[in-house]
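Each residue of the sequence shown is one higher than the one before, starting from 19 at the first, in this note's numbering.
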Amino acid sequence: MKATISHIKADIGSLPGHTTVFDPVINEVKNFIKEKSESILTDSFVSHVGDDIQITMIHNRGIDDFEVHQLAWDAFKAGTEVAKKFGLYGAGQDLLKDSFSGNIKGMGPGVAEMEITPRKSEPFIIYMMDKTEPGAFNFPIFKMFADPFNTPGLVIDNNMHDGFIFEVWDIVEAKRIFFSTPEQMYDMLGLIGSKSRYVIKRVYTRPNHEKLPDENVAVITTDKLSFIAGEYVGKDDPAGIVRIQSGLPASGESLEAFSHPYLVSGWMRGSFNGPLMPVGLKDAKMTRFDGPPRVVALGFVLKDGKLSGPVDMFDDVAFDGARKTALNVVDYLRRMGPFEPHRLPEEEMEYTTLPRVLEKFKGKFETIESPKKKKELKVTTKDVD
Ligand code: 13P
Ligand code: 13P
Ligand code: MG
Ligand code: MG
């Protein structure tokens, strides 16, 4: 029988700025899910990274299910009421619509869902990031499923040797394209290196995969809050579900993709590049310059609709080196203040509050000497002779 993993997340208010969730708020969400989910879900887990509450839900209803989405929406609504009561910052930040209209997509929260054929053992990892955007998953998902230097299974496991199929979305034009790796790897990299526009949405096994043919094995939230709200309302902090083992990247191959704290955009005011730091739940709060951007990994095993776990995967000394590198990069970048490339390039600042500041200079620019005139004045070697 098929099973569905639905992961839905939202920022509904935080303490004191965009630092972390407040216990009474997350407890309200947990209790709501516990009390109202009996006829809908077979299991669930509520957690958080930074100021984003994350609901992992298991059920048999397929993706885009009305009741599953409504359950998450109503839980976030109930949590928002508590956040408002305490006057928390950004209470209800990601709930952009007044009432639920059938599908939570496009309403503010981030959604990652996949319907799967569970294996005898069905291990998977939920990755949750704060202070960054969906394209932050491009680098690690590529490494897990397409880079043999990260994932030796691509070379030495015959079930992985033929590679994987990637579904890439253009989130500006709302279009998608599929790539098969390794043969189209360079084509795909040409797009996904532009991570603010082209984002990996899903990864599938090939039809000839011996253990798990034609299956969705990874999915990422791609919801763009600023596009929905029409203005900057916080970044679109993403989450992803990655199935592991048995013809897929091993647990350690999946985690290895985060051992290098690569640069992502987000951080302070959603306007800066910074290193993505892997942390355990105990460090999932955003402090220095509202960051640095962080990723938490929770490992589960699914059996007969029930979850075992989670294991807090980055809560381990093996990732101390990555954290140290990230903090060195933080010191280095912060000294650049408001300059690129620490601050995001101009095109991306369009989605922040900067355009409103620059508005006041409109019409105040004076015309300077045109490049054509300059050319006429140029003295050539011949003239001097
Ligand atoms: P499986 O192929 O059984 O998933 O084992 C691979 C592995 O875990 C090596 O680390
Ligand atoms: P969030 O997107 O996590 O709410 O953070 C917004 C922000 O402006 C941080 O400085
Ligand atoms: Mg926030
Ligand atoms: Mg956040």
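Backbone N, C-alpha and C fix where the C-beta goes; we use that ideal spot for every residue, glycine too.
None of these values were measured; they are calculated from a predicted model.
{"Query": "With 16 other Cβ atoms within 10 Å as the buried cut-off, status of Gly68", "Result": "buried"}
{"Query": "Pairwise C-alpha distance: Ala340 and Ser277", "Result": "5 Å"}
{"Query": "Proximal residues to Pro311 (C-beta, below 6 Å), its chain only, five neighbours per side dropped", "Result": "Lys149, Thr150, Val282, Gly284, Trp285, Gly292 and Leu294"}
{"Query": "DSSP beta-bridge partners of Gly258", "Result": "Tyr145 and Ile238"}
{"Query": "DSSP state of Asn291 mapped onto helix, strand, coil", "Result": "strand"}
{"Query": "Beta bridge counterpart(s) of Asp188 as assigned by DSSP", "Result": "Lys193 and Tyr216"}
{"Query": "DSSP-derived helix/strand/coil call for Met304", "Result": "coil"}
{"Query": "Met19 classed as buried or exposed, judged by whether at least 16 other C-beta atoms fall within 10 angstroms", "Result": "exposed"}
{"Query": "Nonlocal neighbours in the same chain, by C-beta distance under 6 Å from Met146, ignoring five residues either side", "Result": "Val67, Gln72, Ala257 and Val314"}
{"Query": "heavy atom of ligand 3 below 8 Å from Gln111 C-beta", "Result": "yes"}
{"Query": "Thr22 versus Ala130 - alpha carbon distance", "Result": "11 Å"}
{"Query": "Cβ neighbours of Pro415 in the same chain (closer than 8 Å, five flanking residues each side left out)", "Result": "Outside the shown range of the chain (19 to 403) lies residue 415, about which nothing can therefore be said."}
{"Query": "Proximal residues to Phe63 (C-beta, below 7 Å), its chain only, five neighbours per side dropped", "Result": "Thr74, Leu325 and Pro328"}
{"Query": "Heavy atoms of ligand 1 versus C-beta positions, residues under 7 Å", "Result": "Gly171, Asp175, Gln263, Ser264, Gly265, Ala268, Ser269 and Gly270"}
{"Query": "Opening and closing residue of the beta strand (DSSP E) in which Met132 lies", "Result": "Gly128 to Ile134"}
{"Query": "Beta strand (DSSP E) segment containing His77, residue limits", "Result": "Asp70 to His77"}
{"Query": "beta-carbon Gly128 near ligand 3 non-hydrogen atom, thresh 8 Å", "Result": "no"}
{"Query": "Three-state secondary structure (DSSP) of Tyr280", "Result": "coil"}
{"Query": "Beta-carbon spacing of Pro267, Pro279 below 9 Å", "Result": "no"}
{"Query": "Pairwise C-alpha distance: Glu46 and Lys229", "Result": "41 Å"}
{"Query": "Distance cut-off 8 Å: Trp91 Cβ against heavy atoms of ligand 2", "Result": "no"}
{"Query": "CA-to-CA distance, Pro42 to Arg306, given in whole angstroms", "Result": "24 Å"}
{"Query": "Top-ranked residue by Cα proximity to Val126, from Asn78, Lys138, Gln111 and Glu85", "Result": "The amino acid at residue 126 is misidentified as Val; the sequence shows Gly. It is Gln111."}
{"Query": "Distance between beta carbons of Gly128 and Asp241, contact taken as under 8 Å", "Result": "5 Å"}
{"Query": "Distance cut-off 8 Å: Ser212 Cβ against heavy atoms of ligand 3", "Result": "no"}
{"Query": "Option in Gly171, Pro200, Met203 and Gly153 with minimal Cα separation from Asp188", "Result": "Gly153"}
{"Query": "Assigned exposure category for Gly288 - 16 Cβ within 10 Å defines buried", "Result": "buried"}
{"Query": "Beta-bridge partners of Asp330, as assigned by DSSP", "Result": "Leu316"}
{"Query": "Whole-angstrom C-beta distance between Glu185 and Arg220, which should lie under 8 Å", "Result": "4 Å"}
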